[in-house]
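J.: Here it is: the structure, laid out below.
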Amino acid sequence: MNDFSLPNPKYGLDAPFCLALAALMCWGLVMVASASVAVGEKLGGSSMFFFWRQLMFIAMGIAACSVMFCVPTLWWQKSRWWLLALAIALLATVAVTGVSVNGARRWLDMPGLFRLQASEPARLAFIVWLAGHIVKRQAQIQTTFMGFINPMIFLAPLLFFFLIEPDLGATVILLAVTFLMLFLGGARLIWLGALAGIAAGGITVLILTVAYRMKRVLSFTNPWEDALGSGFQLTQSLIAVGRGEWFGVGLGNSVQKLMYLPEMHTDFIFAILAEEFGLVGVLILMTLFGIVVWRGFKIGQQAELLDRRFAGYLCYGLAGWLGLQALINMAVNMGALPTKGLTLPLISYGGSSLVTVSLMIGLILRVDYENRAALALLPKPRNRTFSGRAVQTTQPAWGLKDLLSPLRSGWTSVRTRRDGA
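Note that the sequence shown covers residues 52 to 472 in my numbering.
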């Protein structure tokens, strides 16, 4: 289980998790083919240009996922400092030699493949590092303010490079996932609340002091006031969502994808999906993402119960990232949040996003595999008779109550006693 040998297929995989992911990936490929017809003809000379490229990215993602599935989580735990150093070095490289698009320097050219958005693997590396840090320093995180602040010292360089790119969306997501992992690690709510307030104040200042960000916020509050100017993208997205009504206009019948809605195959592909599949399609999509996040947290919870805390926190962070990014992307497309440059995981076109999400999936599947292997080594369940009643010695199935147990007031004290803090 802790070597690099091929996983044993007898342990199986989490079926709901894998089926939901497969459905999202296939649906994403179909949506890229549909949404990119007009832009493909304009930029690539073929209506299927982006479809074939997305298919190549899926193949790369499956290969990356397979590699991650074969790497023990213990190796990632031991290598977390190297990963953090590589993440900072990658972001520094982008700051110096990165490709600038629409005024943002976020990408590195990967010749013949795609442009790598450095914030994607950098966020993944930090989550791996933070999971290891929480396991090693959990007692300090729970009991001392300096122990709680310590991870922020290592987070600061990543946030600095995100902001000079600039990439406010990646900044917000990484901060939110960091708070989630620290909360589940037992950090005091008063400290998290104070830090969240400081972060919110800093983000507000960044918005107020940068003209284009302020313009986005103003257009978000009333996009119809300047529907042909600053509010154009949001109004076109809202038109697409509104046209979908209950059941959509049908696959391939979107009008907004015909060069009306900017970024229709990347950041705003959800609007095209809503137009073609309607509210019913949106609910199905949200259900699929809900299954992915739910199973990710359940796999992490099981790892914790098996005393594999690094694997548990890693799953919490990765599942939280997937769910949060999907939620923000949908909210932006429907006008509930200001416009952010965030893709919809597994649905939007893009090699950088798809390969990074595939790496995350591979890590979660590896944790699930190691959980199953560990459970297989436990004594077989047996029944004992007590006062005429059969008592099952195995632990009962986990339910919603257990999944929400971190929200209980006694979470910190329970963790502290268990960890011997």
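Each residue gets a CB set at the ideal place from its N, CA and C atoms; glycine is no exception. Please read all numbers here as calculations on a predicted model, not as lab measurements.
Roughly how far, in whole angstroms, is the beta-carbon of Ala362 from the beta-carbon of Thr144, given that I think they are within contact range, below 8 Å?
T.: Looking up residue 362 in the sequence shown gives position 311. Looking up residue 144 in the sequence shown gives position 93. Not confirmed; about 30 Å, so no contact.
J.: Ordered along the chain, which non-local residues of its own chain (more than five positions away) have a Cβ less than 8 Å from that of Tyr62?
T.: Taking the first residue of the sequence shown as position 1, residue 62 is located at position 11. So the list reads Tyr420, Arg423, Ala424, Ala427, once near-sequence residues are dropped.
J.: Helix, strand or coil: how does DSSP classify Ala71 here?
T.: The sequence position of residue 71 within the sequence shown is 20, counting from 1. It is helical.
J.: Between Ile415 and Ile342, which are expected to be in contact by the criterion C-beta below 8 Å, what is the C-beta distance as a whole number of angstroms?
T.: As a working note, residue 415 is residue 364 in the sequence shown. As a working note, residue 342 is residue 291 in the sequence shown. So it is not a contact: roughly 13 Å between Cβ atoms.
J.: Contact check, Glu326 vs Val292 under 8 Å by CB: the rounded distance?
T.: Taking the sequence shown and counting its residues from 1, the one referred to as residue 326 is at position 275. Taking the sequence shown and counting its residues from 1, the one referred to as residue 292 is at position 241. Your pair Glu326 and Val292 checks out as a contact, with CB atoms roughly 7 Å apart and the cut at 8 Å.
J.: Leaving out five residues before and five after Gly299 in sequence, what residues of the same chain have Cβ atoms less than 7 Å from its Cβ?
T.: As a position in the sequence shown, residue 299 is number 248, starting the count at 1. Counting only Cβ-Cβ distances below 7 Å, and skipping sequence neighbours, we find Glu326, Glu327, Phe328, Gly329, Gly332.
J.: So Val239 is in the beta strand (DSSP E); what residue range does that whole segment cover?
T.: Here residue 239 refers to the residue found at position 188 of the sequence shown. Looking at the sequence provided, one finds Arg at residue 239 rather than Val. Premise fails: Arg239 is in no beta strand (DSSP E) and is neither H nor E.
J.: What is the residue span of the alpha helix (DSSP H) that Arg493 lies within?
T.: The structure shown does not extend to residue 493, since the chain is modelled only from 52 to 472, so the question has no answer here.
J.: Which ranges does the beta strand (DSSP E) cover as unbroken runs of at least 3 residues, wholly within the stretch 55 to 131, from first to last along the chain?
T.: none
J.: Whole angstroms are fine: how far does the CA of Pro162 sit from the CA of Val147?
T.: For the purposes of this step, residue 147 is taken as residue 96 along the sequence shown, with counting starting at 1. For the purposes of this step, residue 162 is taken as residue 111 along the sequence shown, with counting starting at 1. When rounded, the distance between both Cα atoms is 18 Å.
J.: I need the straight-line Cα distance from Ile215 to Ala155, nearest angstrom please.
T.: As a working note, residue 215 is residue 164 in the sequence shown. As a working note, residue 155 is residue 104 in the sequence shown. The alpha-carbon atoms of Ile215 and Ala155 are separated by roughly 9 Å.
J.: Please classify Lys129 as buried or exposed, where buried requires at least 16 other C-beta atoms within 10 Å of its C-beta.
T.: In the sequence shown, residue 129 corresponds to position 78, counting from 1. With fewer than 16 other Cβ atoms within 10 Å, it is exposed.
J.: Check for me: the beta strand (DSSP E) holding Leu388 runs from which residue to which?
T.: In the sequence shown, residue 388 corresponds to position 337, counting from 1. Unbroken run through Leu388: none, as it is neither H nor E.
J.: By alpha-carbon positions, which one of Gly79, Ala84, Ala370 ends up nearest to Ala228?
T.: Reading the sequence shown from its first residue, position 177 is the one you call residue 228. With the sequence shown as reference, residue 228 is identified as Val, and Ala is not the correct amino acid for it. Nearest option by C-alpha distance: Ala370.
J.: Would Met232 and Ala190 qualify as a contact pair, given that the criterion is a beta-carbon distance under 8 Å?
T.: For the purposes of this step, residue 232 is taken as the residue at position 181 of the sequence shown. For the purposes of this step, residue 190 is taken as the residue at position 139 of the sequence shown. Result no, Cβ atoms of Met232 and Ala190 do not sit closer than 8 Å.
J.: Since Phe165 and Gly402 should fall inside the 8 Å C-beta cutoff, what is the C-beta to C-beta distance between them, to a whole number of angstroms?
T.: Within the sequence shown, residue 165 is the residue found at index 114, counting from 1. Within the sequence shown, residue 402 is the residue found at index 351, counting from 1. Confirmed, about 3 Å.
J.: Could you work out which residue in Leu210, Thr272, Leu175 is closest to Leu388 when comparing CA atoms only?
T.: As a first step, residue 388 must be located in the sequence shown, where it is residue number 337. Of the listed residues, the one whose Cα sits closest to Leu388 is Thr272.
J.: Between His184 and the rest of its own chain, which residues show a CB-CB distance below 7 Å, the 5 nearest in sequence each way excluded?
T.: As a working mapping, residue 184 is identified with position 133 in the sequence shown. The residues are Pro202.
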